[in-house]
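**Q** Chains as they are written, first to last, in the numbering used here: chain R, 297 to 694; chain X, 7 to 458.
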Amino acid sequence: MALYEGIALIQEKQAVVLDLGSEYTKFGFTGEAAPRCIVRSEFWSPGLRGYKRVFDYKDDEELYDNLVHMLHLLYFRHVLVNPKERRVVVVESLLTPTRFRETLAKVLFTHYEVSGVAWADSGRLCALTLGAPAALVLEVGAREAEVCAVIHGCVVLRSLQAAPRGALRVRTELARLLAEDGAPALTDHVLEDIMVKTCLVTTRERAQQWASDSPPTPAKSVRYPLAGAGRGRGGPGGAVTVEGRARELSAEPLFAEDGEYCSLQDLLLQCIMQSPIDCRRALAENILVCGGGAALPGLRSRLREELAHALTEPPYCDRLHLTSLKFHSAPAHANSVAWLGGAAAGGGGAGAGRRGPAGGDARAGGRDAWLRARRLKDWVCLLDNTPPDHPAREHHLI
Amino acid sequence: MIPQVDSHYCANCLENMPSSEARLKKNRCSSCFDCPSCFHTLSTRATLAQPRPAPEAGGGDAKVENKQPKKMYYLSCFNCRWTSRDVGIPDQPVASGGWPERSAPHAARVSQLLEHYRAVAQQEKQDKLERERKKFAIRGKYITLTDKTGLTGAVARSIAGLGDAGAGAALAGFAPAVPKEDVEGLPEDAFTKEVNLKQITSMPQRLASPEWQPVSVSRLHPLAKLLSVKRSQRCRACDHNLTKPEYNPGSIKFKIELLAYYHVPEVKIISCEMIKPGAKSTLLLKLANPTGHEMALQLLPAAPPPPPPHGETEAATEDKDDSIEKSLDKSLKLDKEPRWPHVEPPAILTRVTPPAVTLTLAPRDDAAEYDDDARHEPSHIILWRKSNKLALRLELTTDPAAVEGSPARTALTVEYSYRNTVPQSITASQNRDHTLYTTVYLDLGTVGSAGL
Ligand SMILES: [Zn+2]
Ligand SMILES: [Zn+2]
Ligand SMILES: [Zn+2]
Numbered sequence: 297m298a299l300y301e302g303i304a305l306i307q308e309k310q311a312v313v314l315d316l317g318s319e320y321t322k323f324g325f326t327g328e329a330a331p332r333c334i335v336r337s338e339f340w341s342p343g344l345r346g347y348k349r350v351f352d353y354k355d356d357e358e359l360y361d362n363l364v365h366m367l368h369l370l371y372f373r374h375v376l377v378n379p380k381e382r383r384v385v386v387v388e389s390l391l392t393p394t395r396f397r398e399t400l401a402k403v404l405f406t407h408y409e410v411s412g413v414a415w416a417d418s419g420r421l422c423a424l425t426l427g428a429p430a431a432l433v434l435e436v437g438a439r440e441a442e443v444c445a446v447i448h449g450c451v452v453l454r455s456l457q458a459a460p461r462g463a464l465r466v467r468t469e470l471a472r473l474l475a476e477d478g479a480p481a482l483t484d485h486v487l488e489d490i491m492v493k494t495c496l497v498t499t500r501e502r503a504q505q506w507a508s509d510s511p512p513t514p515a516k517s518v519r520y521p522l523a524g525a526g527r528g529r530g531g532p533g534g535a536v537t538v539e540g541r542a543r544e545l546s547a548e549p550l551f552a553e554d555g556e557y558c559s560l561q562d563l564l565l566q567c568i569m570q571s572p573i574d575c576r577r578a579l580a581e582n583i584l585v586c587g588g589g590a591a592l593p594g595l596r597s598r599l600r601e602e603l604a605h606a607l608t609e610p611p612y613c614d615r616l617h618l619t620s621l622k623f624h625s626a627p628a629h630a631n632s633v634a635w636l637g638g639a640a641a642g643g644g645g646a647g648a649g650r651r652g653p654a655g656g657d658a659r660a661g662g663r664d665a666w667l668r669a670r671r672l673k674d675w676v677c678l679l680d681n682t683p684p685d686h687p688a689r690e691h692h693l694i
Numbered sequence: 007m008i009p010q011v012d013s014h015y016c017a018n019c020l021e022n023m024p025s026s027e028a029r030l031k032k033n034r035c036s037s038c039f040d041c042p043s044c045f046h047t048l049s050t051r052a053t054l055a056q057p058r059p060a061p062e063a064g065g066g067d068a069k070v071e072n073k074q075p076k077k078m079y080y081l082s083c084f085n086c087r088w089t090s091r092d093v094g095i096p097d098q099p100v101a102s103g104g105w106p107e108r109s110a111p112h113a114a115r116v117s118q119l120l121e122h123y124r125a126v127a128q129q130e131k132q133d134k135l136e137r138e139r140k141k142f143a144i145r146g147k148y149i150t151l152t153d154k155t156g157l158t159g160a161v162a163r164s165i166a167g168l169g170d171a172g173a174g175a176a177l178a179g180f181a182p183a184v185p186k187e188d189v190e191g192l193p194e195d196a197f198t199k200e201v202n203l204k205q206i207t208s209m210p211q212r213l214a215s216p217e218w219q220p221v222s223v224s225r226l227h228p229l230a231k232l233l234s235v236k237r238s239q240r241c242r243a244c245d246h247n248l249t250k251p252e253y254n255p256g257s258i259k260f261k262i263e264l265l266a267y268y269h270v271p272e273v274k275i276i277s278c279e280m281i282k283p284g285a286k287s288t289l290l291l292k293l294a295n296p297t298g299h300e301m302a303l304q305l306l307p308a309a310p311p312p313p314p315p316h317g318e319t320e321a322a323t324e325d326k327d328d329s330i331e332k333s334l335d336k337s338l339k340l341d342k343e344p345r346w347p348h349v350e351p352p353a354i355l356t357r358v359t360p361p362a363v364t365l366t367l368a369p370r371d372d373a374a375e376y377d378d379d380a381r382h383e384p385s386h387i388i389l390w391r392k393s394n395k396l397a398l399r400l401e402l403t404t405d406p407a408a409v410e411g412s413p414a415r416t417a418l419t420v421e422y423s424y425r426n427t428v429p430q431s432i433t434a435s436q437n438r439d440h441t442l443y444t445t446v447y448l449d450l451g452t453v454g455s456a457g458l
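(1) Once the 5 residues before and after Val-536 of chain R are set aside, which same chain residues still bring their CB inside 6 Å of it?
(2) For Pro-9 of chain X and chain R, any beta-carbon pair shorter than 8 Å?
(3) What is the rounded straight-line gap between the Cα of Ile-213 of chain X and the Cα of Ala-591 of chain R?
(4) What does Val-518 of chain R touch in chain X if you count any residue whose Cβ is under 7 Å from its own?
(5) Say the cut is 7 Å; is the CB of Lys-3 of chain X nearer than that to a heavy atom of ligand 1?
(6) Against chain X, does His-365 of chain R count as a neighbour if the rule is that its beta carbon must be under 8 Å from one of theirs?
(7) With a threshold of 8 Å between beta carbons, is Pro-255 of chain X in contact with chain R?
(8) Do we get a CB-CB distance below 8 Å when we pair Arg-600 of chain R with the residues of chain X?
(9) Spatial neighbours of Thr-499 of chain R within its chain, please: CB distance less than 8 Å, with the 5 preceding and 5 following residues excluded, ordered by chain position.
(10) Any idea what DSSP makes of Leu-679 of chain R, helix, strand or coil?
(11) Residues of chain R with a CB under 8 Å from the CB of Pro-182 of chain X: which are they?
(12) Interface residues of chain R around Glu-217 of chain X at Cβ under 7 Å?
(13) State the Cα-Cα distance for the pair Tyr-447 of chain X and Ser-238 of chain X, rounded to the nearest angstrom.
(14) Give the single residue among R:Gly-437, R:Val-452, R:Leu-426 and R:Ser-455 whose Cα lies nearest to the Cα of Glu-180 of chain X.
(15) So, using beta-carbon positions, are Leu-381 of chain R and Ala-639 of chain R closer together than 8 Å?
(16) Go ahead and label Tyr-123 of chain X buried or exposed: buried means 16 or more other beta carbons lie within 10 angstroms of its beta carbon, across all protein chains shown.
(17) Answer yes or no: do Val-386 of chain R and Arg-332 of chain R have a C-beta to C-beta separation smaller than 8 Å?
(18) Kindly indicate if chain R contains any beta-carbon less than 8 Å away from that of Gly-191 of chain X.
(19) Using a Cβ-Cβ distance under 8 Å, would Gly-594 of chain R count as near chain X?
(20) For the candidate residues R:Pro-687, R:Tyr-612, R:Lys-622 and R:Gly-587, whose alpha-carbon lies nearest to that of Arg-439 of chain R?
(21) Between Ala-431 of chain R and the rest of its own chain, which residues show a CB-CB distance below 6 Å, the 5 nearest in sequence each way excluded?
(22) Can you find a C-beta in chain X that's less than 8 Å from the C-beta of Thr-682 of chain R?
(23) Any chance you could list the beta strand (DSSP E) runs of at least 3 consecutive residues sitting entirely within the region 260-295 of chain X, in chain order?
(24) Along chain X, in chain order, which residues have C-beta atoms closer than 7 Å to that of His-629 of chain R?
(25) Going by the DSSP bridge assignment, what does Lys-250 of chain X pair with across the sheet?
(26) To the nearest angstrom, report how far apart Val-11 of chain X and Pro-24 of chain X are at their CA atoms.
(27) Below 8 Å on the Cβ atoms is my guess for Ser-517 of chain R versus Gly-540 of chain R; work out the distance and round it to an integer in Å.
(28) If you count every other CB in all the chains shown that lies within 10 Å of the CB of Asn-394 of chain X, and 16 or more means buried, which is it?
(29) Between Lys-231 of chain X and ligand 1, is there a pair consisting of the residue's CB and a ligand heavy atom that are separated by less than 7 Å?
(30) Take the Cβ of Phe-84 of chain X as the centre, count every other Cβ of all protein chains shown within 10 Å, and call the residue buried at 16 or more, exposed below.
(31) Residues bridged to Gln-457 of chain R by DSSP?
(32) Quick one: using the 10 Å Cβ neighbour count with 16 as the cut-off for buried, is Cys-41 of chain X buried or exposed?
(33) Taking buried to mean at least 16 other C-beta atoms within 10 Å of its own C-beta, is Lys-134 of chain X buried or exposed?
(34) Classify Leu-229 of chain X as helix, strand or coil using the three-state DSSP reduction.
(35) Would you identify the three-state DSSP class for Trp-390 of chain X, choosing helix, strand or coil?
(36) Which whole runs of the beta strand (DSSP E) in the region 578-630 of chain R are 3 residues long or more, in chain order?
As structure tokens, this is what we get:
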């Protein structure tokens, strides 16, 4: 603790690390163990007379305004530093829409006049918190679950997997199950609170019993009182009864197989299968589960069960011969693992996490460079991922 | 305008904190705390602790001390009745400060990681220098391989367990995280235990302390109060301070306050007839002079302002103060290429027929606020006059091509005289009066149908 606080003082200006999630935003300084704040990605909008979510936007201009407001909130309400002439480490998904990245860059460089932005993908940053040479990172976010194999600080892009199996999926399922039991329509915030307080990921054995004709004794039901009980249509006594069935089965969509290999276990195994053959074993023995959605109790043990079972069945049983599965635990809470990676990469003199996924040097993009090019380097863009000795470069096609 | 952090202060105890100290304390007040349960401010409460009879009570001094009950303090929330005793924090003998601090759960490991990556970065630098030196030496197969995979020499060596090439002690001593076969499952009684909602924290309660994120209510600790900041604002173009608050946290006054609001005439719409394509309508405007000087005003059709082009073509919220320094700052401004993105003027289909008269506005007079007899003027343009305000009647002509339902907008340029009151220099005396231009865009609702 004392050690890196001292270093923070020596450094002229500590960089900030921004992880802008679709539900929660993590923001803090490099070289620290946890973000300074984890807040909802929303801001008070006087025009709407309510909170506006950053990710509710129709066009780039609206997104620009949203980001300006959100960053203002973060800089001046939570972290209390001047954004000007300070570096930013942006933690992003490899699948972040180009539009979003470009607009964020525009906001940071022109509105807040930051001196540099380092763009780092969350998979690599998560692996950075372990220090292990190979890691299979499963991030269960709010909207999406993403799996990427990180080997020696490089993402195996070919095997990147993603599916809309995040915490919001659990919330939707919970709402459906509650409605089946006759509960009134609930707001998202109440649903999230019910999910956080009561839901758990049941075991594989019980999940199968639930699916069969003889369901097990359900977990104890919970009476969840609703705020403002008197005026609401909140059922008898202004409370919702969360049945054991809803508590146990809300997270089932994460593991449900739909033939498209989109369940969490399928994402992981598909990723291993598409990775180079000589690192598959290492990946299976270095699984890291993180992201806010992974905080559900029992999720990791269930995932382990599902993985072990899936390995005995086609298509994996004859193609993957993995004998052991090992799991890491990162030195941070599940929701801030990627953030911590950013803080470590930025704090460690932008060291190990600097190499871009395309092999190029994606070091902290300076403001001047951005002003000249008005675009960001991106791994999907041919301008950036064509090797320097490719014939197309010679003919100035690119 | 760029907002800037000016000074840190605690909103509860109104105490200023120098920014270096604030940085050390992670922007938190050392004596104020928030309730971890409902986020209200905690108050310190005193109790009288009964002195325990000391077994070795022998000396006379000790006896005197023992007779007096000792004052002990604890924190409590008036809103939700949470107290620091609930979570087993011992009472403190002093009223402020001295509350036990917890160290973050992963701090040790994180500092190890940081040290490691710093060492890696250093090694990388060294390697680079070395490679420069050995430029002409034959590159080993190993190096080219690692270059392709984006793996640097230092990392490769540390992974391969080769602590050679002068790798620092930090590199060698770092142990990567060890994965485990088994993962923590659900507690045994997960399916049989009653859930007590009062014992489980909500998301906001967890996220209020990102380091700990307690799941159980019994692990909630008081939250040190987050400081607030006073902000000063600077002009984006010329870096001048526009507003600067006073240092004293209790004061809401400003040391510097140069906003367009105090310098640019105010234009307000009183009423407007329905805009119809190809028709004429009447617009009533109110103009007010916020300055302490008489102001001459003239309305012109919206056009690029005549030279010198110092007038800003922005809405009336812009700062006009900097026109004198413009020439000085011109070079500076060119460097600052990241200009605030220029707002495209909206398409204007409705035109104003400006009256060709110069209007004079009286200086602002706070006392005049109280007499309310508006003087009617015989002129057909000016409706009434009242101290520093006047109301105008203008005629609008709308283009027949205007589409029904589209937003009706009009623009007009206001030319006004302005006396600079900020003391400049001795030579600036001839420079005190200026004629400035501002283009005002008026949003007049939507275009109505022509038939109406
Ligand atoms: Zn205070
Ligand atoms: Zn409270
Ligand atoms: Zn200026």
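Even glycine gets a Cβ: it sits at the ideal position worked out from N, Cα and C. All of these numbers come straight from a predicted model, not from anything done at the bench.
**A** Straight from the coordinates:
(1) Ala-479 and Tyr-520
(2) yes
(3) Here the sequence assigns Leu to residue 213 of chain X, which means Ile is not the residue at that position. Roughly 13 Å separates the two Cα atoms.
(4) Val-201 and Leu-203
(5) Only positions 7 to 458 of chain X appear in the structure, and residue 3 of chain X is not among them; the question remains open.
(6) no
(7) no
(8) yes
(9) Gly-594, Ser-597, Arg-598 and Glu-601
(10) helix
(11) Leu-426, Gly-427, Ala-428 and Pro-429
(12) Ala-329 and Ala-330
(13) 28 Å
(14) Sequence check: residue 180 of chain X is Phe here, not Glu. Of R:Gly-437, R:Val-452, R:Leu-426 and R:Ser-455, the residue nearest in Cα terms is R:Leu-426.
(15) The displayed chain sequence assigns Glu, not Leu, to residue 381 of chain R. No, they are not a contact pair.
(16) buried
(17) no
(18) yes
(19) yes
(20) R:Gly-587
(21) Ala-423, Val-446, Asn-582 and Leu-584
(22) no
(23) 260-263, 272-278 and 286-294
(24) Gln-219
(25) X:Ile-262
(26) 12 Å
(27) 5 Å
(28) buried
(29) yes
(30) exposed
(31) R:Val-443
(32) buried
(33) exposed
(34) strand
(35) strand
(36) 583-586
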